[in-house]
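Participant: Handing you a structure now.
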Amino acid sequence: MTSTASTTEARAHARSQAVDAHVIGPALPPDVDPANICFTQRIPAGGYANIVLDRGTRIRLSDPAGAACAHIMLLRAESPWERLNVADTVKVPWQAYLGTGHPLLSDQGRILATILADSSQRHDALCGPGPVARRALLLAAAKHGLSPRDIGPTVSLFRGVRVEPDGELAPTGGAGAGRAVDLITHLPVTLLIADAEHPLDPTPVTELDVIAWHAPEDLARVPGDEPEYRRAVENTELAWHAAHA
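Numbering that gives the first Met the number 0 applies: residue 0 is where the sequence shown begins, and numbers increase by one.
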């Protein structure tokens, strides 16, 4: 057994473990220049991630084993009091079910991110995080000086919920291994993610992959021609240019 009785022995022990450690990360997209990739992480079940991302960053969340549940919170990096508003995210596009083209709106009527691609179509904007997910989000938030009051309702990806005719919320589970969701950021954001069980679906979660890369050109290709969406885009662009003129 390796001794750790002294700092010298403890250092040798720690370094011997580092040599043997093998960290498996997400597979990088073959069509993306590695120089543009700014963040990669494989989040274990029950884990979390926290990262500040610039405007025009494309974020790919992937469910490699088929049972991930990504609880997402977005805050405007420059003004963290502006944050994801799930009620407006559902109300403005007249759609409670998230999918391609759906904006994630702030409480100021601005778009923090838009869903660009979605091969899962099993998501939830109605229930918010459960206790395990909220604890993980609070840990992620603390790394940025944020407090519990900064973590409101979230959206959940890869675990679906549908409203039955009688108003009951029914979980629909995941869509299987290998599904992915891509977002594009319209403003600099602090992204908090927890990979934890859904409050209506206790199925044990599996790992979640997150990759982000610079793709400002994708802001010109966001799907969405509805008047409500275009108005939110105008609000967002005005705020961006006012802050960076």
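No residue lacks a Cβ here, since even glycine has one placed at the ideal position from N, Cα and C.
Put W212 into one of helix, strand or coil per three-state DSSP.
Facilitator: strand
Participant: Tell me whether R54 sits in a helix, a strand or coil according to DSSP, three-state version.
Facilitator: coil
Participant: Helix, strand or coil: how does DSSP classify R109 here?
Facilitator: coil
Participant: Let me know if A11 comes out buried or exposed under the rule of 16 or more other beta-carbons within 10 Å of its beta-carbon.
Facilitator: exposed
Participant: Could you tell me whether the segment 104–121 touches the segment 161–181, where touching means 3 or more Cβ pairs closer than 8 Å?
Facilitator: Touching, yes.
Participant: Taking the beta strand (DSSP E) that A69 belongs to, which residues open and close that run?
Facilitator: 69–75
Participant: For Y110 versus T6, is the C-beta distance shorter than 8 Å?
Facilitator: The amino acid at residue 110 is misidentified as Tyr; the sequence shows Ile. The Cβ atoms of I110 and T6 lie no closer than 8 Å to each other.
Participant: What's the C-alpha gap between P33 and L27?
Facilitator: 8 Å
Participant: Of all the options R57, P187, N84, P226, which has the alpha carbon lying nearest to the alpha carbon of R220?
Facilitator: It is R57.
Participant: Identify which residue in V204, R229, T3 has its Cα closest to the Cα of P43.
Facilitator: V204
Participant: Assign I23 to buried or exposed, taking buried as 16 or more other Cβ atoms, counted over all protein chains shown, within 10 Å of its Cβ.
Facilitator: Around the beta carbon of I23, fewer than 16 other beta carbons lie within 10 angstroms, which makes this residue exposed.
Participant: Ignoring anything shorter than 3 residues, give me the beta strand (DSSP E) runs that lie fully in the segment 27–52, in order along the chain.
Facilitator: Here the runs fully enclosed are 36–42, 47–52.
Participant: Leaving out five residues before and five after V131 in sequence, what residues of the same chain have Cβ atoms less than 7 Å from its Cβ?
Facilitator: Around V131: G45, A195, E196.
Participant: Indicate whether P222 and T99 have their beta-carbon atoms separated by less than 8 Å.
Facilitator: yes
Participant: Excluding sequence positions up to five away, which residues of its chain have a Cβ less than 6 Å from the Cβ of I210?
Facilitator: P25, T39, R59
Participant: Should P29 go down as buried or exposed, given a rule of 16 or more other Cβ atoms within 10 Å for buried?
Facilitator: exposed
Participant: Taking only the alpha-carbon atoms, compute the straight-line gap between D224 and R230 and give it to the nearest angstrom.
Facilitator: 10 Å
Participant: Cα separation between P170 and A244?
Facilitator: Taking the straight line joining both Cα atoms gives about 46 Å.
Participant: Spatial neighbours of E189 within its chain, please: CB distance less than 6 Å, with the 5 preceding and 5 following residues excluded, ordered by chain position.
Facilitator: For the record, residue 189 in the displayed sequence is Thr; it is not Glu. Contacts found: V51, L74, A76, H143.
Participant: Under the assumption that L115 contacts D181 (Cβ atoms under 8 Å), give the Cβ distance between them as a whole number of angstroms.
Facilitator: 4 Å
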